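Protein chains in written order, with our numbering: chain A, 5 to 142; chain B, 5 to 142; chain C, 5 to 142.
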Amino acid sequence: MKSYRKELWFEIPARRGFVNITRTVQECVSDSGVQEGLVLCNAMHITASVFINDDESGLHHDYEVWLEKLAPHAPVEQYRHNVGEDNADAHMKRQIMGREVVVAITDGLLDLGTWEQIFYGEFDGRRRKRVLVKIIGE
Amino acid sequence: MKSYRKELWFEIPARRGFVNITRTVQECVSDSGVQEGLVLCNAMHITASVFINDDESGLHHDYEVWLEKLAPHAPVEQYRHNVGEDNADAHMKRQIMGREVVVAITDGLLDLGTWEQIFYGEFDGRRRKRVLVKIIGE
Amino acid sequence: MKSYRKELWFEIPARRGFVNITRTVQECVSDSGVQEGLVLCNAMHITASVFINDDESGLHHDYEVWLEKLAPHAPVEQYRHNVGEDNADAHMKRQIMGREVVVAITDGLLDLGTWEQIFYGEFDGRRRKRVLVKIIGE
């Protein structure tokens, strides 16, 4: 069994944003030499997400509006977590979008459906944060 | 290490629906010959879900009502994604229910709790769509 | 390839509660002897969750309030599932928080970010319930 580990670093200039990391994760898979296996890709921070969905700017706008409706940022005083912090909503948004994805590797490639793209989802940005890519297989 | 891959195809006649795929996934596990390992089971489409919960029709009705409240289908114009499409809500419903499950394989069987059942969750049906089953182990 | 399986048992005295299980999962990893691999940690019940977030009591209070807003317990008659039961909301809360986490194992340790902690999330407690820890790797 082979294993592989890499950290990907991000610094999103705004509080929130989505970054397509599919190509970078595929590069990790290629570097690993794994032909058949699984790749785990997870946020290492608890106010960020790794998720799979469409690379379509209208949808990303819709997600932003929708997540803000389900877990509003303001007023920040509505959350007990926000003592010296203002990111409680980010901890909630990330639970809806998820911490991680597990993707199959087949013939050395990410085994994704036609429109599946892997995203880093940031909900409390403006600082350096990281994603873990861990691969096991043969 | 053994690996196994299979696509399961679905065509749900309505926009939304849930299909219990536990038995089919167990057949994949049996076919794979894996005794100890992990099975990844994921929607290959971004408006569908694979999730684990109860096989109880009242609950499925409750999920339908609840998801419609959290991410309403209509009016379709509320979503920027809906330009020539009407499925933005399906992209949201699927984030709540999740893209994938990872299930343990022990002694050649899906290692599930008493009431755990694996479902395909469709949120934009009436066309052929697929689920990936990927197994690794020994 | 090595594999390892353990059930963790819980009996939360209230309907809802969060328990930090990070140390226990690390003990499983150490027992397994796996240096490089993946650990799957999932609720074996469909009204409970395993998730990763912050070990901060203010945030846990915020989650409680937020989940109750998104999927209210009462009135119990609003859910068709609640025929002889009153836990339909728990099936929903668990979908938002998720069934499982998959965590990388690197050098024999859980490969977690600085603030990542693994929690058992109970939404229908006052009875014995269990979590599965399954490890594969080398």
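Think of the CB as a built atom: it goes at the ideal place given N, C-alpha and C, for glycine as much as any other residue.
Computed from a prediction, not measured in an experiment: that's the story for all the values here.
>> For chain A, check one thing: does any of its Cβ atoms lie closer than 9 Å to the Cβ of E72 of chain C?
In response: Under the Cβ distance rule, E72 of chain C does not count among the residues neighbouring chain A, no pair being separated by less than 9 Å.
> Roughly how many angstroms lie between the CA atoms of K10 of chain A and T118 of chain B, to the nearest whole one?
Replying inline: Each residue's alpha carbon lies about 37 Å from the other.
> My guess is that V107 of chain B and V43 of chain B are in contact by the Cβ rule of under 8 Å, so how many angstroms apart are they, rounded?
Replying inline: So it is a contact: roughly 5 Å between Cβ atoms.
> Straight-line CA distance for H65 of chain A to F22 of chain A?
Replying inline: Spanning the two alpha carbons is a distance of roughly 10 Å.
> Is there at least one Cβ from chain B nearer than 9 Å to E104 of chain C's Cβ?
Replying inline: Yes, E104 of chain C counts as interfacial toward chain B.
> Between H95 of chain C and D59 of chain B, which are expected to be in contact by the criterion C-beta below 8 Å, what is the C-beta distance as a whole number of angstroms?
Replying inline: Between H95 of chain C and D59 of chain B the beta-carbon gap is near 12 Å, outside 8 Å, which marks them as no contact.
> Counting along the chain, where does the alpha helix (DSSP H) carrying E72 of chain C start and finish?
Replying inline: E72 of chain C: member of the alpha helix (DSSP H) spanning S61 to L74, first to last residue.
>> Within 9 Å of any Cβ in chain C, is that where the Cβ of D93 of chain B sits?
In response: D93 of chain B does not count as touching chain C.
> Any beta-carbon of chain C closer than 9 Å to the one on M96 of chain B?
Replying inline: It does not; no Cβ of chain C falls within 9 Å.
> Can R98 of chain B and I50 of chain B be called in contact, C-beta distance under 9 Å?
Replying inline: When the beta-carbon positions are compared, R98 of chain B and I50 of chain B come within less than 9 Å of each other.
> Between the stretch 66-83 of chain A and the stretch 20-34 of chain C, do at least 3 Cβ pairs fall closer than 8 Å?
Replying inline: No contact exists between the stretch 66-83 of chain A and the stretch 20-34 of chain C.
> What does DSSP give as the partner residues of E104 of chain C in its beta bridges?
Replying inline: C:N46.
> What span of residues does the beta strand (DSSP E) with Q121 of chain A cover, start to end?
Replying inline: Unbroken beta strand (DSSP E) run through Q121 of chain A: Q121 to E126.
> So with Cβ pairs under 9 Å, would you call N24 of chain C a contact of chain B?
Replying inline: So no, N24 of chain C is outside the interface.
> What's the C-alpha gap between M101 of chain A and M101 of chain C?
Replying inline: Roughly 10 Å between the two C-alpha positions.
>> Just to confirm the assignment, what range does the alpha helix (DSSP H) spanning R27 of chain B have?
In response: Looking at the DSSP string, the run of the alpha helix (DSSP H) that includes R27 of chain B is T26 to S36.
> Relative to the alpha-carbon of Y67 of chain B, which residue among C:Q82, C:D128 and C:Q121 has its alpha-carbon at the smallest distance?
Replying inline: Answer by Cα proximity: C:Q82.
> Which of the three DSSP states, helix, strand or coil, is assigned to A52 of chain B?
Replying inline: Residue state, collapsed to three classes: strand.
> Which residues in chain C sit within 7 Å of H85 of chain A, going by Cβ to Cβ distance?
Replying inline: Those within 7 Å of H85 of chain A in chain C are E60, G62, L63 and D66.
> Can you check whether the CB of N46 of chain A is closer than 9 Å to the CB of L136 of chain A?
Replying inline: Result yes, Cβ atoms of L136 of chain A and N46 of chain A sit closer than 9 Å.
>> Give me the chain A residues within the contact set of G141 of chain C, using Cβ-Cβ distance strictly less than 9 Å, ordered along the chain.
In response: Chain order gives the chain A residues near G141 of chain C as M5, S7 and I140, where near means a beta carbon separation below 9 Å.
> Does any C-beta atom of chain B lie closer than 9 Å to the C-beta of H77 of chain C?
Replying inline: It does not: the Cβ of H77 of chain C has no partner Cβ on chain B nearer than 9 Å.
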